[in-house]
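Read the structure below first, then the notes.
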Amino acid sequence: MLNAENYKVPNNEPQVPLPVELVSFDAKLRNGKVALTWVTAQEKNNRGFELQRSQNGRDFTSFGFVAGHGTSSVRHEYSAEDAQPLAGTSYYRLKQIDNDGSVSYSQLVAVKNGRTAEVTVFPNPMDDVLNVRLASPGADAEVVVSDMMGRVVLRGKLSADGTFNTSSLRSGNYIVTVTNGAEKTNHKVTKR
């Protein structure tokens, strides 16, 4: 049976033969963390592996690096962990980097994390200030307020104290989208 734990997603990137013969690459959710494992049969001028993840399977960010074994004709087993996986389905890949700087990519593997992004927006209804509490605050947390027709009416960064000024909004219903890193949540709110 196919599911997000064992489904390999087709990769649209050009597939160039790896200077590393990758036997397997797998990712599994264990105790709220994602365990990544891979095996190579041989390696040639392998500097190492950059660990990358994505929420949509297209836009990747790096979250770690594991050194390779240079040039080797024996089997090597590798492992790494994503201690703070994204909510929902995440896609992982290896960016294999040669000593000369050239790169190749592994196939994608998908992992379903049942955790949801923990964002609290209050009060609702609101007056001139909206409070946003993030379980894992990020320096780049952004708030976008849209009217019920989908038009963006207010946009800005979340302040250090977790408040967002909404005094310029008219009374009515709005959708507040909070983006914290790769996690995005939507909340319906009412302005008095």
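Residue numbering for the sequence shown follows my numbering, beginning at 106 and increasing consecutively. The beta-carbon is built from N, C-alpha and C at its ideal position, and this holds for glycine as well.
C-beta contact flag for residue 139 and residue 216 at 7 Å: Position 34 of the sequence shown holds residue 139. Position 111 of the sequence shown holds residue 216. Cβ distance < 7 Å, so residue 139 and residue 216 count as in contact.
Residue of 149, 170, 164 and 165 minimising C-alpha distance to residue 299: The first residue shown for the chain is 106 and the last is 297, placing residue 299 beyond what the model contains.
What did DSSP end up calling residue 107 once you bin it into helix, strand or coil? For the purposes of this step, residue 107 is taken as the residue at position 2 of the sequence shown. With a pLDDT of 46 at residue 107, under the threshold of 50, the predicted position of this residue should be treated as unreliable, though the coordinate-derived value follows. Note: residue 107 maps to coil in three-state DSSP.
Nearest to residue 203 (by Cα), restricted to the options 230, 175 and 253: Walking along the sequence shown from the start, residue 203 turns up at place 98. The candidate whose alpha carbon is nearest that of residue 203 is 175.
N- and C-terminal bounds of the beta strand (DSSP E) containing residue 159: Residue numbering aside, residue 159 sits at position 54 when the sequence shown is read from its first letter. Start and end: 138–159.
In chain order, what residues of the same chain lie with their CB nearer than 6 Å to the CB of residue 250, ignoring the 5 residues before and after it? By 1-based counting over the sequence shown, the position of residue 250 is 145. Taken in chain order, the residues that qualify are 258, 259, 279 and 281.
For the beta strand (DSSP E) containing residue 269, name the first residue and the last one. Locating residue 269 in the sequence shown gives position 164, counting from the first residue. Unbroken beta strand (DSSP E) run through residue 269: 268–270.
In or out: residue 201 buried (at least 16 other Cβ within 10 Å) or exposed? For the purposes of this step, residue 201 is identified with residue 96 of the sequence shown, where counting begins at 1. It counts as buried.
Between residue 297 and the rest of its own chain, which residues show a CB-CB distance below 8 Å, the 5 nearest in sequence each way excluded? Position 192 of the sequence shown, counting from 1, holds the residue named residue 297. Here the set comprises 230, 231, 232 and 276.
Do the CB positions of residue 180 and residue 132 come within less than 7 Å of each other? Along the sequence shown, read from residue 1 onward, the residue named residue 180 stands at position 75. Along the sequence shown, read from residue 1 onward, the residue named residue 132 stands at position 27. Taking 7 Å as the Cβ cut-off, residue 180 and residue 132 do not qualify as a contacting pair.
Identity of the residues DSSP links to residue 201 by a beta bridge: In the sequence shown, the residue the question calls residue 201 occupies position 96. Beta-bridge pairing links residue 201 to 154 and 209.
Tell me whether residue 131 sits in a helix, a strand or coil according to DSSP, three-state version. As a first step, residue 131 must be located in the sequence shown, where it is residue number 26. Note: residue 131 maps to strand in three-state DSSP.
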